[in-house]
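Undergrad: In the working numbering, the protein residues as written are 1 to 229. Here a beta-carbon is modelled for each residue, glycine too, at the ideal position from N, C-alpha and C. These figures come from a predicted structure and were not determined experimentally.
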Amino acid sequence: MSDPGKAAAGRAAARLVEDGMTVGLGTGSTASCFVEALAARVREEGLTIRGVPTSQAAERLARQSGIPLFPLTETTRPDLTIDGADEADSFLNLIKGGGGALVREKLVAASSGAMIVVADESKLVATLGAFPLPVAIIPTGWETTRARIEKVFPQVPVTLRLAPGGSPTITDDGLHLLDLHFGPTITDPERLQAQLRAVVGVAEVGLFVGIASRMIVGRPDGTTFERTR
Numbered sequence: 001m002s003d004p005g006k007a008a009a010g011r012a013a014a015r016l017v018e019d020g021m022t023v024g025l026g027t028g029s030t031a032s033c034f035v036e037a038l039a040a041r042v043r044e045e046g047l048t049i050r051g052v053p054t055s056q057a058a059e060r061l062a063r064q065s066g067i068p069l070f071p072l073t074e075t076t077r078p079d080l081t082i083d084g085a086d087e088a089d090s091f092l093n094l095i096k097g098g099g100g101a102l103v104r105e106k107l108v109a110a111s112s113g114a115m116i117v118v119a120d121e122s123k124l125v126a127t128l129g130a131f132p133l134p135v136a137i138i139p140t141g142w143e144t145t146r147a148r149i150e151k152v153f154p155q156v157p158v159t160l161r162l163a164p165g166g167s168p169t170i171t172d173d174g175l176h177l178l179d180l181h182f183g184p185t186i187t188d189p190e191r192l193q194a195q196l197r198a199v200v201g202v203a204e205v206g207l208f209v210g211i212a213s214r215m216i217v218g219r220p221d222g223t224t225f226e227r228t229r
């Protein structure tokens, strides 16, 4: 059974999709509620849309739900992307990538006309960083990449994300993931993103700065409220 807040946020976001839109389909538990609610509109209302998935998991769910899918190209840039977040501050800066799909999520969101975040209240924070910051890195020489990051941030624990069998996690895009444990101290996410992107071996950073313009937040009682930037 879906969490009432997540389900409510997903339904509210699905109501924003208009006929003929190209829609970025997010990854994660709340985004999945959105995809399911959107699929119901496709079935029940005959809504015509094109979906652009942000991960293999989102692609599987959309196919199972009957949403037509297209790859991200110049001609399939989403009008709107709906996705979740691991954390969101009051400026709608986000930490994303807990599910490992941060590269494709950012590509789709940054290519969209607008990004709307769906989440429950637990994802709202005053300052980013309590949730470990995911950083996608190139597998070749990953230990040297980690060492370079540790040199820039000597006080920050850096861990390699592992799959259940103990081997390094491989993302949909063939990358490894490092989790950086800053704690709730990320007061300048734009600067931090630039610092990490400058490290050789880093492919992308799980900070979404200035990308989301609106957030639909679900409460435990099934009601929602919104934040805008």
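(1) Hey, could you find the ends of the beta strand (DSSP E) PHE225 is sitting in?
(2) Nearest-angstrom Cα distance between GLY10 and ARG229?
(3) Go ahead and label ASP221 buried or exposed: buried means 16 or more other beta carbons lie within 10 angstroms of its beta carbon, across all protein chains shown.
(4) Cutting at 6 angstroms between CB atoms, please list the residues of its own chain near GLY218, excluding the five before and the five after it.
(5) Identify the residues that DSSP records as bridge partners of ALA136: which are they?
(6) Residues in the same chain with beta-carbon distance under 7 angstroms from VAL209, minus the five sequence neighbours each way, listed in chain order, please.
(7) Compare the Cα-Cα distances from THR75 to each of PRO134, GLU18, VAL23, ILE149 and report the closest residue.
(8) Quick one, are the C-beta atoms of LEU16 and LEU80 less than 8 angstroms apart?
(9) Could you give the C-beta distance for VAL205 and THR145, rounded to a whole number, given that I count them as a contact under 8 angstroms?
TA: Quick answer:
(1) 224–228
(2) 20 angstroms
(3) It is exposed - the Cβ of ASP221 has fewer than 16 other Cβ atoms within 10 Å.
(4) GLY5, LYS6, ALA8, ALA9, ASP120, THR224
(5) In the DSSP output, where bridge partners are listed per residue, ALA136 has LEU177, GLU204.
(6) ASN93, PRO189, GLU190, GLN193
(7) Comparing Cα positions, the closest option is VAL23.
(8) yes
(9) At roughly 12 angstroms, the Cβ-Cβ gap does not stay under 8 angstroms, so VAL205 and THR145 are not in contact.
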